[in-house]
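Trainee:
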Amino acid sequence: MNSKPGVDVQFLPSCLFCLSGAMEDVTGAQLVAEALKAQKVDYMFGVVGIPVMEVAMAAQAAGIKYVGMRNEQAVEACRLYSKFSARPSSLEAIPSVIEKAVRTSLYGRPGACYVDIAGDMVNATVDRSRVRFASCCPPPPVSLADHGAITEAISVLKAAKRPLVIIGKGAAYGRAETALREFVEMSGLPYLPTPMGKGVLPDDHPNCVAAARSRALLQADVVLLLGARLNWILHFGIPPRFDPHVKIIQVDLCAEEMGNNVRPAVALLGDINAIVTQLLMCLCKDSWKYTSDTEWWSSLKAKMSANSKMSKALALQSTGLMNYYTVFHHVSQLLPHDCIIVSEGANTMDIGRTMLNNYLPRQRLDAGTFGTMGVGLGFAIAAAALEKSENRGRRVVCVEGDSAFGFSGMEVETMCRYNLPVIIIVVNNNGIYSGVDLETWKEMAKMGDLTSIAPPVTLLPEARYDEVMAAFGGEGFLVRTVEELCEALQLSLRNWERPSLLNVLIEPSSDRKQQEFPWLTRSNL
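In my numbering, the protein residues as written are 3 to 527.
1. Just mark R164 as buried or exposed, buried being the case when its beta carbon has 16 or more other beta carbons within 10 Å.
2. Just to confirm before moving on: does the CB-CB distance between N430 and V506 stay below 8 Å?
3. Let me check understanding here. Comparing Cα to Cα, which of C210, S436, N233 and P143 lies closest to M306?
4. Report the start-end ranges of each alpha helix (DSSP H) in the segment 116-169 that is 4 residues or longer and not cut off at the edges.
5. Can you round the beta-carbon distance between V158 and I251 to whole angstroms, since I take them to be within the 8 Å contact cut?
6. To the nearest angstrom, how far is the alpha carbon of T272 from that of A214?
7. How about R355: is its C-beta nearer than 8 Å to some C-beta of chain E?
8. Just curious, the beta strand (DSSP E) that Y467 is in, first and last residue?
9. To the nearest angstrom, how far is it from the Cα of L462 to the Cα of D223?
10. What residue from Q32, G411 and E415 has the CA that sits closest to F135's CA?
11. Buried or exposed, going by whether 16 or more other CB atoms sit within 10 Å of the CB of E529?
12. Do A35 and A60 have their C-beta atoms closer together than 8 Å?
13. Determine the DSSP secondary structure at Q41, reduced to helix, strand or coil.
14. Grouping DSSP H, G and I as helix and E and B as strand, with all else coil, what is E402?
15. By alpha-carbon positions, which one of A126, K102 and L146 ends up nearest to S137?
16. How about L302 and F185: do their beta carbons lie closer than 8 Å?
17. Work out the CA separation of P208 and D295 for me, nearest whole Å.
18. Is the Cβ-Cβ distance between E346 and G378 less than 8 Å?
19. So, helix, strand or coil for I274, using DSSP?
20. Is L182 near V202, with beta carbons less than 8 Å apart?
21. Return the chain-ordered list of same chain residues with a C-beta closer than 6 Å to the C-beta of P197, the five sequence neighbours on each side being excluded.
22. Among P246, Q221 and L219, which has the Cα closest to the Cα of V264?
23. Determine which residues share a DSSP beta bridge with Q252 and list them.
24. Does DSSP classify C341 as helix, strand or coil?
25. Let me check understanding here. Comparing Cα to Cα, which of L452, M71, C80 and V128 lies closest to T374?
26. Just how far apart, CA to CA, sit R1 and K42?
27. Given this structure, state the Cα-to-Cα distance separating R394 from I100, to the nearest angstrom.
28. Would you mind stating whether P338 and G433 have Cβ atoms separated by less than 8 Å?
29. Exposed or buried, what is W498 when buried is set at 16 or more other beta-carbons lying within 10 Å of its beta-carbon?
30. Taking just the CA atoms, how far does A230 sit from E154?
31. What does the Cβ neighbour count give for Q335, buried or exposed, with the cut at 16 atoms within 10 Å?
32. For F409, which residues from the same chain have a beta carbon less than 6 Å from its beta carbon, with the 5 sequence-adjacent residues on both sides left out?
33. Please report how far the alpha carbon of L219 lies from the alpha carbon of M55, in whole angstroms.
34. Whose CA, out of S84, A120, R466 and V104, lies closest to the CA of I52?
35. Just the Cα atoms here: how many angstroms apart are P142 and C284?
36. Less than 6 Å between C-beta atoms, sequence neighbours within five positions excluded: which residues of the same chain meet that for V2?
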């Protein structure tokens, strides 16, 4: 919705009746709210202004919970990246347009939709009898892959010497965890989750080879790709990160995704849960299993063990300030297995992804396909609002780099306003990728204008993000040592009344362990 400040409008009562009782007028705001409620929308998030304020109030009157946010993004820019965008031509059309937007967002590959309501329509009225109301859209239809393609996929897997299953967020959206677990355990295949595919199967499952990610991708000769795109996150499926002769069995709900960057050896189009069930049924017929005593499994296990030892050695370094690995090692030991992890940042997100395990599906949110910073606190607020409403007793933990936190840090006020017990861990290295210590900063300041001297990646050393949280009534902790980290996190986990922020100061030059390959930066398709 577009907010147009300066328009002099007034919120109208929920229902207006003429004296004769023959007509019932409704406003555009009411129609928007009622249409969303009809589509079973429970929450609305927004930044109010005139006339958005009227829509927010109408939503509350319709039984939708409204969460007022602080960080207004360039919403109009969303139009270019939406599955569907429309502007209702009249008040009467609002319910049907909203129904189509909700239906389009859910059907096929899930995605955002954009509906633009003209400002003068919000407070305009229309006779309710003239409105084309739409009932709630039904669940998405489920489609199966061609049986011949399923048989061919199983044949390709059986012929593989170094097979690998990659679990993408499409498997999480498709709720394929039960069928997928049975398939992996029956087939004996190693699997690798993508960032938001983590937790579809537990990260500590014996078939998970995330700790040997580079080797698994590079040496696999057959990849079963389940709801993941061969984009920059998976290095486009091409050398030097993949074998040039790798065979891809691509499973996706979106036909247009098939063959992007690498032509699949087998394309399985349809619902991922249904297709995994098809593969499972085909597998059951001849009881084939990829045995654990193969050279491929031995190679993966050896690499996993070596990487684990390296990470542990980095985590247990005790000189000076903590590093990333030290922080995540101790955090991972204290977090409940059912917590929802939200993460964004550069090294913070990348290293945290490898060290903070997910054990349940759909409980990890991060910067996603476009690597967008500033989304973390919003994700955490939405998750915490739902958890509080449903009283499921799961904690929401938001792990932020100090730079990423700055994009939407004022949302801590939103958390305090609604008493959402989010735990924010800011891993603070005084910069973007790397910073400088306080003494170095002071010396640079003596040399002249910092805009000419300070490295562009630096941020203010030892910034007190904890005091920002405390200013709004939350709990703020300044953390320099392992002992302070563990104590602050344990206190925060026990506090269900208000949000907490741990400002964890780490070594400014702390970095990732040496990577075998640099990240590819070609355009994301």
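Every residue, glycine too, gets a C-beta built ideally from N, C-alpha and C.
Mentor: Let's see:
1. Along the sequence shown, read from residue 1 onward, the residue named residue 164 stands at position 162. R164 comes out buried.
2. Taking the first residue of the sequence shown as 1, we reach residue 430 at position 428. Taking the first residue of the sequence shown as 1, we reach residue 506 at position 504. With contacts defined by Cβ atoms closer than 8 Å, N430 and V506 form a contacting pair.
3. Translated into positions along the sequence shown, residue 306 becomes position 304. Out of C210, S436, N233 and P143, C210 has the C-alpha closest to the C-alpha of M306.
4. DSSP runs (the alpha helix (DSSP H)) wholly in the segment 116-169: 121-124 and 149-161.
5. Mapped onto the sequence shown, residue 158 falls at position 156. Mapped onto the sequence shown, residue 251 falls at position 249. Contact holds; Cβ gap of about 6 Å.
6. What you label residue 272 is simply residue 270 of the sequence shown in a count that begins at 1. What you label residue 214 is simply residue 212 of the sequence shown in a count that begins at 1. With the sequence shown as reference, residue 272 is identified as Gly, and Thr is not the correct amino acid for it. G272 and A214 have their C-alpha atoms roughly 30 Å apart.
7. In summary, chain E is missing from the structure at hand, where a single protein chain is found.
8. Indexing the sequence shown from 1 puts residue 467 at position 465. It is not in any beta strand (DSSP E) - Y467 instead sits in the alpha helix (DSSP H) that spans Y467 to A473.
9. If you number the sequence shown from 1, residue 462 lands on position 460. If you number the sequence shown from 1, residue 223 lands on position 221. Each residue's Cα considered, the two are about 48 Å apart.
10. As a working note, residue 135 is residue 133 in the sequence shown. Comparing Cα-Cα distances from F135 to each of Q32, G411 and E415, the minimum goes to Q32.
11. Nothing about residue 529 can be reported from this structure: the residues present for the chain run from 3 to 527 only.
12. To locate residue 35, count along the sequence shown from 1; it is residue 33. To locate residue 60, count along the sequence shown from 1; it is residue 58. Taking 8 Å as the Cβ cut-off, A35 and A60 qualify as a contacting pair.
13. For the purposes of this step, residue 41 is taken as residue 39 along the sequence shown, with counting starting at 1. Coil, per DSSP.
14. The sequence position of residue 402 within the sequence shown is 400, counting from 1. In the structure shown, E402 sits in a strand (DSSP, three-state: E or B).
15. Here the question's residue 137 lines up with position 135 in the sequence shown. It is K102.
16. Within the sequence shown, numbered from 1, the residue matching residue 302 stands at position 300. Within the sequence shown, numbered from 1, the residue matching residue 185 stands at position 183. It is not a contact, given that the beta carbons lie outside the stated cut-off.
17. Looking up residue 295 in the sequence shown gives position 293. Looking up residue 208 in the sequence shown gives position 206. Each residue's alpha carbon lies about 14 Å from the other.
18. Taking the first residue of the sequence shown as 1, we reach residue 346 at position 344. Taking the first residue of the sequence shown as 1, we reach residue 378 at position 376. Cβ distance < 8 Å, so E346 and G378 count as in contact.
19. Taking the sequence shown and counting its residues from 1, the one referred to as residue 274 is at position 272. Three-state result, I274: helix.
20. The count along the sequence shown starts at 1 and reaches residue 182 at position 180. The count along the sequence shown starts at 1 and reaches residue 202 at position 200. Yes, they are a contact pair.
21. Indexing the sequence shown from 1 puts residue 197 at position 195. Cβ neighbours of P197 beyond the five flanking positions: R355 and D368.
22. As a working note, residue 264 is residue 262 in the sequence shown. That would be P246, whose Cα lies nearest to the Cα of V264.
23. By 1-based counting over the sequence shown, the position of residue 252 is 250. Q252 pairs with L227 and A269.
24. For the purposes of this step, residue 341 is taken as the residue at position 339 of the sequence shown. Residue state for C341 is assigned as coil, using DSSP reduced to three classes.
25. As a working mapping, residue 374 is identified with position 372 in the sequence shown. Nearest option by C-alpha distance: C80.
26. Missing from the structure shown is residue 1; the chain here goes from 3 to 527 and no further.
27. Along the sequence shown, read from residue 1 onward, the residue named residue 394 stands at position 392. Along the sequence shown, read from residue 1 onward, the residue named residue 100 stands at position 98. Rounded to whole angstroms, R394 to I100 spans 30 Å at the Cα level.
28. Numbered from 1 along the sequence shown, position 336 holds the residue referred to as residue 338. Numbered from 1 along the sequence shown, position 431 holds the residue referred to as residue 433. Not closer than 8 Å, so no.
29. Mapped onto the sequence shown, residue 498 falls at position 496. Result: exposed.
30. Position 152 of the sequence shown, counting from 1, holds the residue named residue 154. Position 228 of the sequence shown, counting from 1, holds the residue named residue 230. Between E154 and A230, the C-alpha separation is close to 20 Å.
31. By one-based count along the sequence shown, residue 335 stands at place 333. The residue is exposed, with fewer than 16 neighbouring Cβ atoms inside 10 Å.
32. Residue 409 sits at position 407 when you count from the first residue of the sequence shown. Excluding five sequence positions before and after F409, the CB atoms of its chain that fall closer than 6 Å to its own CB belong to M375 and G376, given in chain order.
33. Walking along the sequence shown from the start, residue 219 turns up at place 217. Walking along the sequence shown from the start, residue 55 turns up at place 53. Rounded to whole angstroms, L219 to M55 spans 50 Å at the Cα level.
34. As a working mapping, residue 52 is identified with position 50 in the sequence shown. Nearest C-alpha to I52: A120.
35. Stepping through the sequence shown from its first residue, residue 142 is reached at position 140. Stepping through the sequence shown from its first residue, residue 284 is reached at position 282. Straight through space, the alpha carbons of C284 and P142 are spaced by roughly 25 Å.
36. What is shown of the chain runs 3 to 527, which leaves residue 2 out entirely.
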